[in-house]
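Comments concern the structure below.
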Amino acid sequence: MPIIDPVTFNELKQMSGADFINELIDAFLDDAPTMIQNMVSALDKKDVESFRRNAHSLKSNANTFGATELGTLAKELELMARENNLDVGNKLEILKETFDKVADELKGMRL
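Residue numbering for the sequence shown follows this note's numbering, starting at 150 and increasing by one per position.
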């Protein structure tokens with residue numbers, strides 16, 4: 150499975166326009182690490198709602214670009230938080246590693 154689904158990415162590029170896609174990529178690359186850090190902080194504080202909100206936002210943003218693996222991981226964490234379960238094990242580390250791959254891929258897709 151590709152890191153970024155090319156069909157989804159190209160649809161986004163066609164809808165947003167070639168000029169705006171770079172802004173979308175930059176915003177995602179700026180915002181996603183903050184969301185992940187917020188999830189780490191929320192986990193430390195046992196703040197289920199903050200964890201869930203950040204996982205939800207990350208999921209939505211990742212899926213917008215076609216970063217389906219990242220979106221799936223974030224969705225799994227969101228659902229766990231929704232069930233009031235923050236026993237995430239190493240899932241947050243896997244999420245971070247997956248984001249790093251997505252970020253590298255997106256940087257190469259800028260126009």
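Where a beta carbon is used, it is the ideal one built from N, C-alpha and C, also for glycine.
Quick caveat: nothing in here was measured; it's all calculated off a predicted structure.
_Given this structure, state the Cα-to-Cα distance separating D181 from E218, to the nearest angstrom._
Going by the sequence as given, residue 181 is Ala instead of Asp. Rounded to the nearest angstrom, the two C-alpha atoms are 14 Å apart.
*Whose C-beta lies closer than 8 Å to the C-beta of A167 among residues of the same chain, with five residues either side of it excluded?*
So the list reads L260, once near-sequence residues are dropped.
_DSSP-derived helix/strand/coil call for L192_ = It is helical.
*Measuring CB to CB, does A230 end up less than 8 Å from L244?*
Judged by their CB atoms, A230 and L244 are not nearer to each other than the 8 Å cut-off.
*Let me know the secondary structure DSSP gives V197 once reduced to three states.*
In the structure shown, V197 adopts helical secondary structure according to DSSP, grouped into three states.
*Rounded distance between the beta-carbons of A252 and L178, thought under 8 Å*: Rounded, the Cβ-Cβ distance is 6 Å, consistent with contact.
*Cα separation between F214 and K194?*
If you take the alpha carbons of F214 and K194, they lie about 30 Å apart.
_Where I152 sits in the DSSP three-state scheme_ = Residue state, collapsed to three classes: coil.
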